[in-house]
Amino acid sequence: MGSGQLPKDSDQIMTGGGDETAASSQPDGLLERLHAVVLNRSYTAKFAVALAVIVIVLAAVGFGSYLQIQERIVSDAATDLETSATHHADSIEQWRTTTETETIAIAAAGVYDTGTSTDIRQYLTTAESSQVRSLHYVSTVNGSQMVVASTETSTEGRSPWAVEPVWESPVLAAMNDTTGTETVVRSTAYADGDGYSIAFVTPVPDSDGALVLVARVPAAQFHDGRNGFKTQLLTGDGGPLIGGQGDSTPISQDGRRAATAGQTTTIETGDRVATYTPVNGTSWVVVTSAERESLYGTSRLVRWGFLAVIGTAAISLGVAGYLFGRHTVRPLRQLRHRTQAMEQGDLGVDISTTRQDEVGRLYDAFGNMRDTLRRQIQQAQAARKEAERSSHELERQNERLDEFASTLSHDLRNPLTVARGHVELLATRLSDPGTDSADLQSHIEKLEDAHDRIESIIDDVLTLTRKGASVEETAPVPLAAVITDAWDNIDNKSASIEVAGSRTIDADRTRLLRALENLFRNAIDHVGPEVTVTVGLTDHGFYVADDGPGIPTDAVDNIFEYGHTTSEDGTGLGLSIVKTIAEAHGWRLYIDTTYPDGAMFVFADVFSEDEPDWYGTEFEWGRSEASD
Numbered sequence: 001m002g003s004g005q006l007p008k009d010s011d012q013i014m015t016g017g018g019d020e021t022a023a024s025s026q027p028d029g030l031l032e033r034l035h036a037v038v039l040n041r042s043y044t045a046k047f048a049v050a051l052a053v054i055v056i057v058l059a060a061v062g063f064g065s066y067l068q069i070q071e072r073i074v075s076d077a078a079t080d081l082e083t084s085a086t087h088h089a090d091s092i093e094q095w096r097t098t099t100e101t102e103t104i105a106i107a108a109a110g111v112y113d114t115g116t117s118t119d120i121r122q123y124l125t126t127a128e129s130s131q132v133r134s135l136h137y138v139s140t141v142n143g144s145q146m147v148v149a150s151t152e153t154s155t156e157g158r159s160p161w162a163v164e165p166v167w168e169s170p171v172l173a174a175m176n177d178t179t180g181t182e183t184v185v186r187s188t189a190y191a192d193g194d195g196y197s198i199a200f201v202t203p204v205p206d207s208d209g210a211l212v213l214v215a216r217v218p219a220a221q222f223h224d225g226r227n228g229f230k231t232q233l234l235t236g237d238g239g240p241l242i243g244g245q246g247d248s249t250p251i252s253q254d255g256r257r258a259a260t261a262g263q264t265t266t267i268e269t270g271d272r273v274a275t276y277t278p279v280n281g282t283s284w285v286v287v288t289s290a291e292r293e294s295l296y297g298t299s300r301l302v303r304w305g306f307l308a309v310i311g312t313a314a315i316s317l318g319v320a321g322y323l324f325g326r327h328t329v330r331p332l333r334q335l336r337h338r339t340q341a342m343e344q345g346d347l348g349v350d351i352s353t354t355r356q357d358e359v360g361r362l363y364d365a366f367g368n369m370r371d372t373l374r375r376q377i378q379q380a381q382a383a384r385k386e387a388e389r390s391s392h393e394l395e396r397q398n399e400r401l402d403e404f405a406s407t408l409s410h411d412l413r414n415p416l417t418v419a420r421g422h423v424e425l426l427a428t429r430l431s432d433p434g435t436d437s438a439d440l441q442s443h444i445e446k447l448e449d450a451h452d453r454i455e456s457i458i459d460d461v462l463t464l465t466r467k468g469a470s471v472e473e474t475a476p477v478p479l480a481a482v483i484t485d486a487w488d489n490i491d492n493k494s495a496s497i498e499v500a501g502s503r504t505i506d507a508d509r510t511r512l513l514r515a516l517e518n519l520f521r522n523a524i525d526h527v528g529p530e531v532t533v534t535v536g537l538t539d540h541g542f543y544v545a546d547d548g549p550g551i552p553t554d555a556v557d558n559i560f561e562y563g564h565t566t567s568e569d570g571t572g573l574g575l576s577i578v579k580t581i582a583e584a585h586g587w588r589l590y591i592d593t594t595y596p597d598g599a600m601f602v603f604a605d606v607f608s609e610d611e612p613d614w615y616g617t618e619f620e621w622g623r624s625e626a627s628d
């Protein structure tokens, strides 16, 4: 929008401070000057509006944070309840376990079988601890059960259930030996004075009697020090065992059943939140509860604080956004339309403005970006043409290299053919009687060796120039079969081959055969005619090793270079061909310098460690101590 253009509602924008009548009375020229000087040059004020919008976004993020905090408060409160309930349940369980252990220990004494009732009473009195309310020895007298000795003498001579009816079931179970020795049967909890007690009954070994240990259920630990927490201990049928008398906290049957089944559960009931947790080894349930308002009180304060901040920010920024929004959004919308035209390929679109504020500089930046993009496209097109030219040049060089190889092969093979014909003719003449061929025969053999050597050089050069660069197709190849063929194809003299492991791999069989032949010849040439060559598997490929003196450390880095050889008759191409063929397959070839028994060439990345043999061939895994 140019400086001479004014939107229809510009008067309202300019008079946001309340002086609408005075502003509308000014001449149009003054308004235009104010528009050019104030609005076009004071984008800082409009940018402040953008910051205010960001504040709104931050307020929204803050509200989301509040929700997370509220969730965390609820979660922490539930965790506190569960921790408190679990602590009480563990304490009750520990008390039960300790009491049962004490019951079994007291019943294990030999006094019951050999002593009189006075001896037994004296022993029980000695064994009584602070955790035990009373001890009773019950035995069968005249066909009925009777308390024979007790720390409470008033119970002696009476039947156990006459003393306390709830003792009957556990005493009969113990007396009839239906539970086995070192097993404690508990009675239900029963009122005993100002608290509750439980009878722990266990058979007495080597006797027809049973020991009854009466222990007071510990209630003191249920007085939780946490403000607002109340804890109860419920029996299996849901009745309160400890706590709960006069308490209005409702008991959730779902929570009780879940706890009875062994699951800790937190449930909101009415205006209270309660956690139900089981006491292991019993049907009891510990319930810890607190008022919802007390438990989640912090969440309410945080909620009102966030609502106050968000409400204030929304009202303030809404008014400011109305005053300055149109003047900010319109040029950005225009810029968006022009950049969309650029996106569609129109790099000649006009991105210019008369504004001199931040929006104007933004337009300038997009214009510079358009110009830069246009130059980069031109440079990319030029680079593509250069790349195409280089590619054509490389193709021509490759063609010339192929022509060189063909010429070398043709020019060397023709005279070799003629020379070999003369050698054969000379050999025929020398076979005539009377001809002294001893001296000439050695020259003929040397000539034949030279011919063989020239043919080997030709094959090596062709392999490097034509066949080593890439592998177009591979197929499943049994490694052991290729090893056997490669060994049979060379003059192995008195050498021996050992296959320590084999499997099927993906490879170009012809080139793999060539690589193995070169490695086998290399071992025979450098170690001797009686060398032993071993081929085996590693975790990721295979290796070829010999039992020679190994490779000197200073020669390892250069051994695969073209022309590198330590033999007077060598060309230095054999190991170069092997490396070229390996790399053409995507493998790595290196020398294991830690191998102590000779030279080891390792082909790595042939297959992954956990890759199965897809082709179902039989193979035996072998592993070198120096595997990759």
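The sequence shown begins at 1 in the UniProt record's numbering and counts up by one. Note that the Cβ used here is the ideal one computed from N, Cα and C, for glycine as well. Given the structure is predicted, the values throughout are model-derived calculations rather than measurements.
N- and C-terminal bounds of the alpha helix (DSSP H) containing Val482: Within the sequence shown, residue 482 is the residue found at index 482, counting from 1. Element bounds for Val482: Leu479 to Asn489.
Given 8 Å, three or more beta-carbon pairs between the segment 201-212 and the segment 181-190: yes
Per-residue DSSP class, three states only, for Arg186: Locating residue 186 in the sequence shown gives position 186, counting from the first residue. In this structure, Arg186 counts as strand in the three-state DSSP scheme.
Proximity below 7 Å, CB of Ala149 to CB of Ser117: Within the sequence shown, numbered from 1, the residue matching residue 149 stands at position 149. Within the sequence shown, numbered from 1, the residue matching residue 117 stands at position 117. Closer than 7 Å, so yes.
DSSP bridge partner residues for Tyr590 (one or two, in chain order): Counted from its first residue, the sequence shown places residue 590 at position 590. Answer is Val602.
For Leu124, the first and last residue of its enclosing alpha helix (DSSP H): Counting from one through the sequence shown, the residue named residue 124 turns up at place 124. Taken as a continuous stretch (DSSP letters only), the alpha helix (DSSP H) holding Leu124 covers Ser117 to Ala127.
Beta carbon of Lys493 nearer than 7 Å to that of Pro549: The residue given as residue 493 occupies position 493 in the sequence shown. The residue given as residue 549 occupies position 549 in the sequence shown. For Lys493 and Pro549, no; Cβs fall outside 7 Å.
Euclidean distance between Cα positions of Leu516 and Ala380: Working through the sequence shown from its first residue, we reach residue 516 at position 516. Working through the sequence shown from its first residue, we reach residue 380 at position 380. Those two C-alpha atoms are separated by around 46 Å.
Sufficient close CB pairs (3 or more, under 8 Å) joining the segment 302-314 to the segment 56-75: yes
DSSP three-state assignment for Pro278, whether helix, strand or coil: Position 278 of the sequence shown, counted from the first residue, corresponds to residue 278. Three-state result, Pro278: strand.
Simplified DSSP state of Ser627, which is helix, strand or coil: Along the sequence shown, read from residue 1 onward, the residue named residue 627 stands at position 627. In this prediction, Ser627 has a pLDDT of 41, which is less than 50 and means its spatial position is unreliable; what the coordinates show is noted afterwards. In this structure, Ser627 counts as coil in the three-state DSSP scheme.
Status (buried if at least 16 other CB within 10 Å, exposed otherwise) for Asn142: Counting from one through the sequence shown, the residue named residue 142 turns up at place 142. Flag for Asn142 reads exposed.
At least 3 beta-carbon pairs within less than 8 Å: the segment 64-71 vs the segment 253-264: no
Contact check, Leu589 vs Ala599, beta carbons under 7 Å: Counting from 1 along the sequence shown, the entry for residue 589 is found at position 589. Counting from 1 along the sequence shown, the entry for residue 599 is found at position 599. Contact: no.
Endpoints, alpha helix (DSSP H) assigned at Gly574: Stepping through the sequence shown from its first residue, residue 574 is reached at position 574. Its alpha helix (DSSP H) spans residues Gly574 to Ala584.
Separation of Ile483 from Val591, as counted between CA atoms: Within the sequence shown, the letter at position 591 stands for residue 591. Within the sequence shown, the letter at position 483 stands for residue 483. The sequence given here places Ile at residue 591; Val does not occur at that position. Going from the Cα of Ile591 to the Cα of Ile483 covers about 19 Å.
Run of the alpha helix (DSSP H) containing Asp113, from where it starts to where it stops: The sequence position of residue 113 within the sequence shown is 113, counting from 1. Where Asp113 is concerned, the enclosing alpha helix (DSSP H) stretches over Val111 to Thr114.
Ala22, DSSP secondary structure in three states: The residue you call residue 22 lines up with position 22 of the sequence shown. Residue placement at Ala22 is flagged as unreliable, the pLDDT there being 48, under the threshold of 50; the coordinate-derived value follows with that caveat. Here Ala22 sits in helix by DSSP.
Whole-Å CB distance - Ile497 paired with Val533, under 8 Å assumed: Residue 497 sits at position 497 when you count from the first residue of the sequence shown. Residue 533 sits at position 533 when you count from the first residue of the sequence shown. Going by Cβ atoms, the distance from Ile497 to Val533 rounds to 5 Å, so yes, they are a contact pair.
Pick from Ile377, Ala210, Ile267 and Ala215 that is closest to Gly110, judged by C-alpha positions: Position 110 of the sequence shown, counted from the start, is the residue given in the question as residue 110. Cα-wise, what sits closest to Gly110 is Ala210.
Member of Ile106, Leu519 and Asp90 whose CA lies at the smallest distance from the CA of Val287: Counting from 1 along the sequence shown, the entry for residue 287 is found at position 287. If we check each option's Cα against that of Val287, Asp90 comes out closest.
Counted within 10 angstroms of its Cβ, other Cβ atoms place His337 as buried (16 or more) or exposed: Within the sequence shown, residue 337 is the residue found at index 337, counting from 1. It is exposed - the Cβ of His337 has fewer than 16 other Cβ atoms within 10 Å.
Identity of the residues DSSP links to Glu156 by a beta bridge: Within the sequence shown, residue 156 is the residue found at index 156, counting from 1. Paired residues: none, contrary to the question.
Under the three-state DSSP convention, the category Phe229 falls into: Counted from its first residue, the sequence shown places residue 229 at position 229. Coil, per DSSP.
Selection from Glu561, Thr97, Leu479 and Ala604 that minimises the alpha carbon distance to Thr282: The residue you call residue 282 lines up with position 282 of the sequence shown. The option with the nearest alpha carbon to Thr282 is Thr97.
Residue 629: first and last residue of the uninterrupted alpha helix (DSSP H) it sits in: Nothing can be reported for residue 629, as the shown portion of the chain is limited to 1 through 628.
Residue range of the unbroken beta strand (DSSP E) whose run includes Leu211: For the purposes of this step, residue 211 is taken as the residue at position 211 of the sequence shown. Start and end: Ala210 to Arg216.
Nearest-angstrom Cβ-Cβ length linking residue 661 and Pro331, presumed shorter than 8 Å: Beyond the ends of the chain as shown, which are 1 and 628, falls residue 661; an answer cannot be given.
Bridge partners - Gly536, DSSP secondary structure assignment: Against the sequence shown, residue 536 aligns to sequence position 536. Beta-bridge pairing links Gly536 to Tyr543.
Proximity below 7 Å, CB of Arg303 to CB of Val214: Translated into positions along the sequence shown, residue 303 becomes position 303. Translated into positions along the sequence shown, residue 214 becomes position 214. The answer is no: Cβ separation not under 7 Å.
Rounded C-alpha distance that separates Leu307 from Glu291: Here residue 307 refers to the residue found at position 307 when the sequence shown is read from its first residue. Here residue 291 refers to the residue found at position 291 when the sequence shown is read from its first residue. Rounded to whole angstroms, Leu307 to Glu291 spans 24 Å at the Cα level.
Beta-carbon proximity check, Thr151 vs Glu168, cutoff 7 Å: Within the sequence shown, numbered from 1, the residue matching residue 151 stands at position 151. Within the sequence shown, numbered from 1, the residue matching residue 168 stands at position 168. In this structure, Glu168 does not lie closer than 7 Å to Thr151 by Cβ.
Contacts around Tyr112, its chain only, beta-carbon distance under 7 Å, and the 5 residues preceding and following it disregarded: Taking the first residue of the sequence shown as position 1, residue 112 is located at position 112. Cβ neighbours of Tyr112 beyond the five flanking positions: Ile120, Tyr137, Val204, Ser207 and Gly209.
Alpha carbon of Phe542 to alpha carbon of Asn280, nearest angstrom: Position 542 of the sequence shown, counted from the first residue, corresponds to residue 542. Position 280 of the sequence shown, counted from the first residue, corresponds to residue 280. Looking at the two C-alpha atoms, the distance is approximately 60 Å.
Three-state class that DSSP yields for Asp506 in the structure shown: In the sequence shown, residue 506 corresponds to position 506, counting from 1. Note: Asp506 maps to strand in three-state DSSP.
Chain-order list of residues whose beta-carbon lies under 8 Å from that of Ser608 (same chain, five-residue window excluded): To locate residue 608, count along the sequence shown from 1; it is residue 608. Taken in chain order, the residues that qualify are His540.
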